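Let me begin by presenting the structure, written as structure tokens, before commenting on it.
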Amino acid sequence: MTPFAGLAMRLLARDWRSGELNILILALIIASASTATTGLFTDRLNRTMVNQAAAFLAADLVVTSHAALPEQWLEKAAASQLRIARSTEFSSVLVHDESILLSGIKAVTKAYPLRGHLKTSQGAMNEEQHTLEIPAPETAWVELRVLSALGLAIGDSIEVGAKALNITRILTYEPDRRGNLLGLTPRVIMNHEDLPATEMIRPGSHIHYYFLFAGSEKAVREFKTWLKGRLVPGQRILDVYDDRPELATAFKRAEEYLGLASVVVVMIAGVAIAMSARRYSRRHFDMTAILRCLGVRQNQILWLFFWQLLLLGLAASAVGCVIGWACQESLVWYLRSLLPENLVEPGIFAYAMAILVGLVILAGFTLAPLLQQRRVSPLRVLRRDLVPAPLNQGIVYGAGFLTISALVWWNTGDWRLVLYFLAAAGGAILCFGGLVYLFLRTTRLLLPYLGMNARFGIQQLSRNATSNLSQILAFGVTFTAMIVIFLVRTDLIRTWQGKLPENTPNHFAFNIFPAEWESLRDWLAGETIEVSAFYPVVRGRLIQINGQDAGPVVSADSQAERTLNRDLNLTYTDVLPADNRIKQGVWWNNHETGLVSVEQSLAESLKTKVGDTLTFGIGSREIAVTISSIRSVQWDTMNPNFYFIFSPGTLEGFPSTYLTSFYLPADKEAILNRLVNKFPSISVLEVGLIIRQIQTILGQVTVAVEFVLVFSLLAGIVVLFAAVYSDIDERIFNACILRTLGAGRRVIRRNQCTEFVSLGLIAGLLAAVSSELLLWFLYERIFDLPVKLYWEVALATPLGSAALIGLFGLWVTRRTVRQSPLILIREN
Amino acid sequence: MIVARNLSKSVATERGRLNILNSVDLSIKPGEPVAIVGASGSGKTTLLSLLAGLDQPSEGQVFLDGECLTAMDEDGRALIRSRYVGFVFQSFHLLPNLSALENVMLPLELLARSNARAEAAALLSRVGLHDRLAHYPNQLSGGEQQRVAVARAFAAMPRVLFADEPTGNLDSSTGEQIIELLFEINREKQTTLVLVTHDDALASRCERIVQLKAGSIVDSG
């Protein structure tokens, strides 16, 4: 160990004992603890999703294909110790007496499902039960709707194609039931061995083959990598995010919020670290001058501080990790009823990241002030007034920005967001900083009109404009961050809850013929069931983009590629659905035809923009339309939503059915049977399970969000300390001089009060304006929430800030009027 | 040992340049105790800072043991200070975060001396503080702090010791003890002593007195 490492340890230990490092350490611990808590928790939440995803897929990995997979792929899977199951799905019309019913048929092999289980019951009134079996050969399990629609009972038989199957159970739950047309129709599940006898598998039949694999995480991962390079068009690996967009939306927002909130906590802590590092650096000028006098070189001085920072960073981050672990454990304990059993322990990577974040923010926010030590002249031992020239503010703020940018990028992986952040933060600091500086400098014009107390306080603000500016910016940034994090949290939760109110549609009705939809609407109204809009559905495929074959344009295994390889639900309407928002282009007026509005993420994946031409194949005909707008869609509202919406007058000539959704309370489930009997061709799907899953995940996320909020509050309090303490020595000294000149306690306290309240008021005004702007940006660009103005926050922030900083400042400086000025001057 | 040639120092002020030192020539022999005296503002401390390499002159050169300080960069001068120079200051300038022993060990550690602790303890015993080794500066009286500073100044066996008003912050009795100690060790170690003071009695104990007035030497002793 070099003499500097040893010396660094001694100096650090002594500084720690004297309390010199308290704020710095506290801020670091909060930043690391927050990173550790959110990092560890999202890690576990991700694993939860992965676990749940496996249950949704009925396997760890599913490959879907329009044809059977090559045998060698299955051999490779078997050689990798993976268990394999198959399911083959197709639609078929079931006939019994005079009734017919379009059904989704699923033929499964013995090991199905590899994850999760089927649930069945022995009769309509019997309780559902988990089962690890599948229907025996010659038998089928069917949904209750099949029985009611066809007037069948258990023990009767149905014909699937050319094969008669005996109904032995009622199917109540399939883990991997999908939201496509097959998934929406009444379901029949049968044994794969009976499939050939149905004679349904013929050239040209529309069959979906699913190959299910399960095994160790490593084996699945390796097999997935092996498979990816071998997939051909029409084959794809199923992903829970693509299959269940309504879950993905909620989860993605939560992850985005947690990631950003964690960065905000780090940023607030960074402000505290920067403020206390500045003070720490200033208080060590004398020590540096003495060391320089004793012959220590400039770079050695930097090493000395580097060692101290490293030791401090490691120790504080380690403590932060322990706290983060404890918080995360308590979070998991609190949510134990929601989380799956046997959660995997958090990965070592999350701990390492928390320590790394601690070191990075320490370096980012302290290196610049500590670089000043290099400029301390040894002559300071003789002339104490020699203060090193302040560092270029560009370096100081630049280092901070760079640190936060790196963290934003790490949390979001989105360079655009980093650039937005840099532009917004840089612009705000230049703009607001400049305004505040000008304001502080011009307050001196007020001096002739003020009484002594106010005059002295304002004079202090005006004369130390640079130092006060940095304090105001620190408070301003912190309050802005706290307001934003609080309001985004409140609005996110409110929006989530608002999206899933009591009467959230829990049933979809589709296959409604044009002649039926009005009578269905009236019938539902008669049953006092509130129903969402009815949308016509035309089935078609996207075949060309701007006159070129669409296939080569899109990336392999992308959302676009999957879109090209299946029939799509196309609709038309003159009214923009309530949960859709136009992001580019404009919605059409009533007279425009030949236009289409495309969902945002799909438009990106298709690499299309407003003005492009899309050609769709509908039956044997083709139709070319122009993209007039790009829409965002809130998939989690449970209302019918579409990737492509056409302008009225474009699709009217094509055969269509109608689709809608409605809410059916649990006590009115019996209506379903009456509905199916009255409208036998209509298919009804219950989606209550999906809603419950979303609510479960939102419940988890809401608590995590509350945790992050607590961290941001703690970090904010530390900033309060750091900023007020940053030039407390000067304030105490000034007060002491006033006291020695005969100023009374009341005079001094009034001066201080004016100064702190003014600081708080200006910082509060700054925070009110910047938080409104930032919220507008976040809601518009990131969270896709409705933008609004928060008048009450804009008014309360300056007043609250003035009161808080005023009271806190007076509390911190209370010693100035309680102790002898001589003692205080000596101490300082 | 120390040679100053045509040494000048001026600083920029709102009313133009202010000359603090004007063309000072001075030569100090090895082992010679020299006092620099003069009224406040005469340039005593500025001259000391230039001779010790703590500051750079506006013009002129300073040689310390044949090495031209004025031709060196700050790190070069730092190296010279660590090897050849010791300091005692009016306001002691001990590191508040280090104990008395650690303060004295510091210059020895910077020279990578293996027995720094033992040497520092011996020096503190020499200045009468053998029972104050673990005390921190704020636990010591002014006189004790200056004793620690004297021990630290002699720790690295400097060839030159610069002392700036070493008794300025002490009462006369304590100041007298410190001066006795300073001269005693100086004699033992055969160190060149450059002492800045406005105390005539203290100056008279040096072999030579250099008198400054308005930045110029009026009597070089």
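Chains as they are written, first to last, in the numbering used here: chain A, -10 to 817; chain B, 7 to 227. We put the beta carbon where it would ideally sit given N, CA and C, even for glycine. Small disclaimer: the values here were computed from a predicted structure and weren't measured.
Check: Reduced DSSP secondary structure (H/G/I, E/B, other) of A127 of chain B; Outcome: helix
Check: Minimum Cβ-Cβ distance from Q287 of chain A to chain B less than 9 Å; Outcome: yes
Check: K219 of chain B - DSSP class collapsed to helix/strand/coil; Outcome: strand
Check: Beta-ladder partner(s) of I42 of chain B, from DSSP; Outcome: B:V202 and B:V216
Check: Boundaries (first-last residue) of the alpha helix (DSSP H) holding W624 of chain A; Outcome: Where W624 of chain A is concerned, there is no enclosing alpha helix (DSSP H), given that its DSSP letter is neither H nor E.
Check: Where the region 99 to 120 of chain B meets chain A: residues whose CB sits under 7 Å from a CB there; Outcome: H99, L101, N103, L104, E108, L112, P113, E115, L116 and A118
Check: Buried versus exposed call for M114 of chain A [16 or more other C-beta atoms within 10 Å across all chains shown]; Outcome: exposed
Check: Same chain only: Cβ atoms within 6 Å of V806 of chain A, ignoring 5 sequence neighbours per side; Outcome: R734 and I737
Check: Per-residue contacts from L85 of chain B into chain A (C-beta, under 9 Å); Outcome: G284 and R286
Check: Any non-hydrogen atom of the ligand MN within 8 Å of A785 of chain A CB; Outcome: The ligand MN is not part of this structure, which contains no ligands at all.
Check: Proximity to V542 of chain A [Cα-Cα], best of A:S521, A:S594 and A:G353; Outcome: A:S594
Check: L57 of chain B versus B:I42, B:S97 and B:R119, residue with shortest Cα-Cα distance; Outcome: B:I42
Check: Proximal residues to P358 of chain A (C-beta, below 6 Å), its chain only, five neighbours per side dropped; Outcome: A266, R267 and S270
Check: Reduced DSSP secondary structure (H/G/I, E/B, other) of G347 of chain A; Outcome: helix
Check: CB contact below 9 Å: V91 of chain B versus chain A; Outcome: yes
Check: Per-residue DSSP class, three states only, for W130 of chain A; Outcome: strand
Check: Contact set between the region 50 to 71 of chain B and chain A, restricted to residues whose Cβ is under 9 Å from the partner; Outcome: T51, T52, L54, S55, A58, G59, L60 and D61
Check: Cβ of S29 of chain B within 9 Å of any chain A Cβ; Outcome: no
Check: Under 7 Å by beta carbon: chain A residues contacting S88 of chain B; Outcome: L283 and G284
Check: Straight-line gap, R74 of chain A to S586 of chain A (C-alpha atoms, nearest Å); Outcome: Here residue 74 of chain A is Ala; the residue named in the question, Arg, does not match the sequence. A74 of chain A and S586 of chain A: Cα-Cα distance of roughly 40 Å.
Check: Interface residues of the region 358 to 390 of chain A facing chain B [CB-CB below 7 Å]; Outcome: P367, L368, V370 and L371
Check: 4 or more residues per run - each alpha helix (DSSP H) lying fully within the region 574 to 655 of chain A; Outcome: 589 to 594
Check: CB contact flag (V526 of chain A, T646 of chain A, <9 Å); Outcome: yes
Check: For T582 of chain A and G638 of chain A, believed in contact at Cβ under 8 Å, the rounded distance; Outcome: 4 Å
Check: A114 of chain B versus K35 of chain B - alpha carbon distance; Outcome: The sequence shown places Leu at residue 114 of chain B, rather than the Ala named in the question. Taking the straight line joining both Cα atoms gives about 26 Å.
Check: Boundaries (first-last residue) of the alpha helix (DSSP H) holding I418 of chain A; Outcome: W404 to T431
Check: Between the CA atoms of D538 of chain A and R610 of chain A - distance to the nearest angstrom; Outcome: 16 Å
Check: Unbroken alpha helix (DSSP H) run spanning L806 of chain A, endpoints; Outcome: Before going on, a small fix: residue 806 of chain A reads as Val here, not Leu. That run of the alpha helix (DSSP H) goes R804 to R807.
Check: Length of the line joining the Cα atoms of L799 of chain A and V708 of chain A; Outcome: 16 Å
Check: Proximal residues of chain B, C-beta to C-beta of L0 of chain A below 7 Å; Outcome: N103
Check: Min CB distance F160 of chain B to chain A below 9 Å; Outcome: no
Check: Neighbour-count burial assignment, W130 of chain A, 16 or more Cβ in a 10 Å radius; Outcome: buried
Check: Span of the beta strand (DSSP E), counted from its first residue to its last, around F818 of chain A; Outcome: Past the boundaries of the shown model lies residue 818 of chain A; chain A is included only from -10 to 817, so the question cannot be answered.
Check: Closest by C-alpha distance to V154 of chain B, when choosing among B:S16, B:T76, B:A127 and B:V200; Outcome: B:A127
Check: The alpha helix (DSSP H) enclosing F189 of chain B, as first and last residue numbers; Outcome: S178 to K195
Check: Touch test, the region 422 to 433 of chain A against the region 211 to 226 of chain A, Cβ-Cβ under 8 Å, three pairs minimum; Outcome: no
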